[in-house]
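Trainee: One structure coming up, written as structure tokens, with questions to follow.
Numbering (full-length UniProt numbering), first residue to last: 1 to 207.
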């Protein structure tokens, strides 16, 4: 219980710090904007990777260009900012999927100020994103917005045009589904690690 309270306090402190950075970025502070970018970009890329696959980087660049253009007009704290980023990213992703996305080469974007190593994803994260991509669409998007983007139920429901109750149920079912898939994946890996397991699989396949 104490651990949960500590984690919650850490999250609240981080959100307050990033809300302060958000206000500074709106006044033109480039260092503050970089802090926002570093906090949101990894989540945004994971979200977009499920929606548009290999085009995630291109769509993310379009998303940040729109954010940069409209940032001074944004009103709200960092949590609302994350929701705003998700709305823009999803809209750009849908444009891309419908063929309306811009084909122009990306202009200078915040990505250029980052080291490539900072954007690298651990294999475990990539594996989890791949599993989420295999969920039914309603469950997958609910999990992406709640867990990957870190939005609350109300924000996620508004983005998808659903009730909070329906969104919460989809997220719950999606997480249960993911747990089952992870268990199956772990069981498969344990089998592959056993001596002779590969040969056993091959012999079964040959039958």
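Beta carbons: idealized from backbone N, C-alpha and C, even for Gly.
1. Helix, strand or coil for residue 74? Go by DSSP, reduced to three states.
2. Taking buried to mean at least 16 other C-beta atoms within 10 Å of its own C-beta, is residue 75 buried or exposed?
3. If you run the structure through DSSP and keep just helix, strand and coil, what is residue 136?
4. Report yes or no: do three or more beta-carbon pairs, one from the stretch 52-60 and one from the stretch 8-21, lie closer than 8 Å?
5. Which residue wins for smallest C-alpha separation from residue 85, given the options 182, 67, 125 and 129?
6. Roughly how many angstroms lie between the CA atoms of residue 178 and residue 147, to the nearest whole one?
7. If residue 63 sits next to residue 92, beta carbons under 8 Å apart, how far is it from one beta carbon to the other, in whole angstroms?
8. Report yes if the CB atom of residue 72 is closer than 8 Å to the CB atom of residue 26, and no otherwise.
9. Can you tell me which of 42, 51, 41 and 33 puts its alpha carbon nearest to the alpha carbon of residue 134?
10. To the nearest whole angstrom, what separates the beta carbons of residue 90 and residue 159, a pair I think is in contact under 8 Å?
11. Could you give the C-beta distance for residue 174 and residue 143, rounded to a whole number, given that I count them as a contact under 8 Å?
12. By the 10 Å Cβ neighbour count, where 16 or more other Cβ atoms means buried, how is residue 10 classified, buried or exposed?
13. Helix, strand or coil, according to DSSP, for residue 151 in the structure here?
14. Going by beta-carbon coordinates alone, are residue 32 and residue 48 separated by less than 8 Å?
Mentor: In short:
1. coil
2. exposed
3. coil
4. Segments in contact, no.
5. 67
6. 12 Å
7. 5 Å
8. yes
9. 51
10. Indeed, because the Cβ distance is near 7 Å, the residues count as touching under 8 Å.
11. Confirmed, Cβ separation roughly 4 Å.
12. By the beta-carbon neighbour count (other beta carbons within 10 angstroms, threshold 16), residue 10 is exposed.
13. coil
14. no
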